[in-house]
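Numbering (my numbering), first residue to last: 184 to 689.
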């Protein structure tokens, strides 16, 4: 984590190798302390803004050498995009750009000026966004590098002209860094290769996190899973010598009699597709198939560090899906927790089989007020939405709207897709209650329709994060704060949702 300070200061006196300023697109008139800074730099800022070199577009920046005319060695102009389109995401992306430029010049610390016009957008929102942008942009995964590059940036100085707001803004910084720690945890878990994070090792990591934060932790091993008739989990895990696990973490921050919010995450630590094996090209990316489990475990960890006044349960079924002589097969029929049955059409539609067991278990044992599940569930969702949004499904529109608001606020976008009853016809089986694949048409929807069978009337939302769990090579611009690999998607959205829940239920 960065050492982040927030203070008021004259920009000319800010003691950092690099000073960054956020500039909306097509800015003609400087404001605040940038007017004095421009004079000290001989009009260099205004000349740059009137040239073609820098127009303030989002994802753009321009570095000026200050020639000892101010204390900082460099001034970085960072684009915010069109003023009329300013959003939390604009500040997040621009802050990420500044952090990366600071890192590229080897700066140990850098400063970011938040002028009055920026803070008018909403001081707390702006500070939250720029902290997220900086922290998440500077994330690296170097665990397996024999000579990892040293991280240069250690400190961020936020300079504001609003001195009265600083005590409250410091609290925002503190809370935001806790959320970012959760995102980085989710990224670490998702990025870790399957030989280093088997179901057993993942469960051990969950135990370690529970001990660190005071969470309750229960891990079901093979025998407990058998006794509970979680046969979806058992079936998918049969092809691997690595035993399946089901991890349950509980955070009790609410009233004793308050029903919990349950978060469920798909945890396939490696997905070969099983007997219905995937093509070999890009199969290495199937280590990311545990991103849902990583997100819910990281979210409950962050919720505990934030002391949210809620009761929360995170459940993660953990398996490897591999082909072998003992693997489950197309045509098999599985009796899930609670008694419903499914016919296996494709062993590569395994995520819904393990989620079915734990969703039914959560409804039965936890009696939750709501369930939200996250899963890298379908390639069909990637085809539909690409890498720009997660698919959103559910059985309760009020809960869906809450998730939409959290998605908008966090920048982790979602798009609602229908769950009309006609889609359930596609997964009707001749030999069981349902089948685990309805074919290519509406594949993301039929996967969600399968899950819907296991939640009853409990308010439920399903997020298909197959396209958003790791950075895509689909031609779209990669956000400055999502380096290559796992994105940690879901953590910021869920924390926004939980904070909103706490605020409206108190």
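Glycine is no exception: its CB is placed at the ideal position from the N, C-alpha and C atoms.
Provide the residue span of the alpha helix (DSSP H) that contains residue i, from first to last.
| i | result |
| --- | --- |
| residue 221 | 217 to 223 |
| residue 544 | 534 to 544 |
| residue 566 | 562 to 568 |
| residue 674 | 674 to 688 |
| residue 382 | 382 to 396 |
| residue 420 | 414 to 420 |
| residue 586 | 580 to 593 |
| residue 278 | 271 to 287 |
Which two residues bound the contiguous beta strand (DSSP E) that contains residue i?
| i | result |
| --- | --- |
| residue 450 | 450 to 454 |
| residue 257 | 257 to 264 |
| residue 241 | First-last for residue 241: undefined, no H or E at that position. |
| residue 433 | 428 to 435 |
| residue 647 | 643 to 647 |
| residue 694 | This structure leaves residue 694 out entirely; the chain is present only between 184 and 689. |
| residue 549 | Counting along the chain, residue 549 falls outside any beta strand (DSSP E), and DSSP gives it neither H nor E. |
| residue 524 | 524 to 526 |
| residue 229 | Careful: residue 229 lies outside any beta strand (DSSP E), inside the alpha helix (DSSP H) at 227 to 232. |
| residue 557 | 553 to 558 |
| residue 407 | No beta strand (DSSP E) contains residue 407, which is instead part of the alpha helix (DSSP H) from 405 to 410. |
| residue 516 | 516 to 518 |
| residue 206 | 201 to 207 |
| residue 574 | 573 to 577 |
Is residue i close to chain B? Criterion is C-beta to C-beta, closer than 8 Å.
| i | result |
| --- | --- |
| residue 305 | As a matter of chain content, chain B is missing from the structure shown, which is built from one protein chain. |
Alpha carbon to alpha carbon, what distance is there between residue j and residue i?
| i | j | result |
| --- | --- | --- |
| residue 473 | residue 328 | 22 Å |
| residue 619 | residue 527 | 6 Å |
| residue 297 | residue 561 | 41 Å |
| residue 366 | residue 677 | 11 Å |
| residue 221 | residue 268 | 26 Å |
| residue 440 | residue 540 | 25 Å |
| residue 674 | residue 573 | 13 Å |
| residue 448 | residue 413 | 16 Å |
| residue 589 | residue 312 | 14 Å |
| residue 232 | residue 225 | 14 Å |
| residue 307 | residue 594 | 16 Å |
| residue 339 | residue 295 | 7 Å |
| residue 425 | residue 506 | 13 Å |
| residue 227 | residue 191 | 24 Å |
| residue 669 | residue 427 | 23 Å |
| residue 655 | residue 663 | 13 Å |
| residue 665 | residue 653 | 9 Å |
| residue 292 | residue 277 | 17 Å |
| residue 196 | residue 212 | 23 Å |
| residue 639 | residue 632 | 12 Å |
| residue 547 | residue 445 | 12 Å |
| residue 387 | residue 438 | 29 Å |
| residue 596 | residue 571 | 7 Å |
| residue 697 | residue 627 | With the chain represented from 184 up to 689, any question about residue 697 goes unanswered, as that position is not in the structure. |
| residue 523 | residue 266 | 54 Å |
| residue 380 | residue 242 | 35 Å |
| residue 272 | residue 255 | 27 Å |
| residue 683 | residue 370 | 24 Å |
Quick one: measure Cβ to Cβ for residue i and residue j, integer angstroms, because I've assumed they're closer than 8 Å.
| i | j | result |
| --- | --- | --- |
| residue 476 | residue 450 | 3 Å |
| residue 262 | residue 317 | Not really, about 16 Å apart at Cβ, beyond 8 Å. |
| residue 685 | residue 491 | 5 Å |
| residue 511 | residue 422 | 7 Å |
| residue 234 | residue 290 | That belief does not hold up - the Cβ atoms of residue 234 and residue 290 are roughly 25 Å apart, past 8 Å. |
| residue 681 | residue 493 | 6 Å |
| residue 206 | residue 239 | 4 Å |
| residue 650 | residue 565 | 4 Å |
| residue 315 | residue 275 | 5 Å |
| residue 398 | residue 409 | Actually they do not touch by this definition, with Cβ atoms about 26 Å apart. |
With hydrogens ignored, establish whether the beta-carbon of residue i is closer than 7 Å to any heavy atom of the ligand ATP.
| i | result |
| --- | --- |
| residue 588 | Looking for the ligand ATP in the displayed structure turns up nothing, as the structure carries no ligands at all. |
Exercise. Is there contact here, the segment 470 to 484 with the segment 404 to 411, by at least three beta-carbon pairs under 8 Å?
Worked result: Because the criterion of three Cβ pairs below 8 Å is not met, the segment 470 to 484 and the segment 404 to 411 do not touch.
Exercise. Whole beta strand (DSSP E) runs in the segment 289 to 351 with 3 or more residues, listed along the chain?
Worked result: Runs of the beta strand (DSSP E) inside the segment 289 to 351: 292 to 297, 338 to 343.
For this session: Give a yes or no on contact between the segment 281 to 301 and the segment 321 to 337, applying the rule of three or more CB pairs nearer than 8 Å.
Result: Look at the beta carbons and you see the segment 281 to 301 touching the segment 321 to 337: at least three pairs across the two are nearer than 8 Å.
Exercise. In the segment 595 to 671, which residue ranges form an unbroken alpha helix (DSSP H) of at least 4 residues, counting only runs that do not cross its ends?
Worked result: 626 to 635, all fully within the segment 595 to 671.
Problem set entry | Those runs of the alpha helix (DSSP H) which lie wholly inside the segment 435 to 512 and span at least 4 residues | The alpha helix (DSSP H) runs of length 4 or more contained entirely in the segment 435 to 512 are, from start to end of the chain, 474 to 488.
Exercise. Counting pairs of beta carbons, one from the segment 333 to 350 and one from the segment 383 to 391, are three or more of them closer than 8 Å?
Worked result: Not touching, per the Cβ criterion.
Exercise. So does the segment 634 to 653 actually touch the segment 576 to 583, counting three or more Cβ pairs closer than 8 Å?
Worked result: With the cut-off at 8 Å, the segment 634 to 653 and the segment 576 to 583 touch.
For this session: Mind the definition here: the segment 519 to 533 touches the segment 610 to 619 only if three or more C-beta pairs lie below 8 Å; say whether that holds.
Result: Cβ pair count under 8 Å is three or more, so yes.
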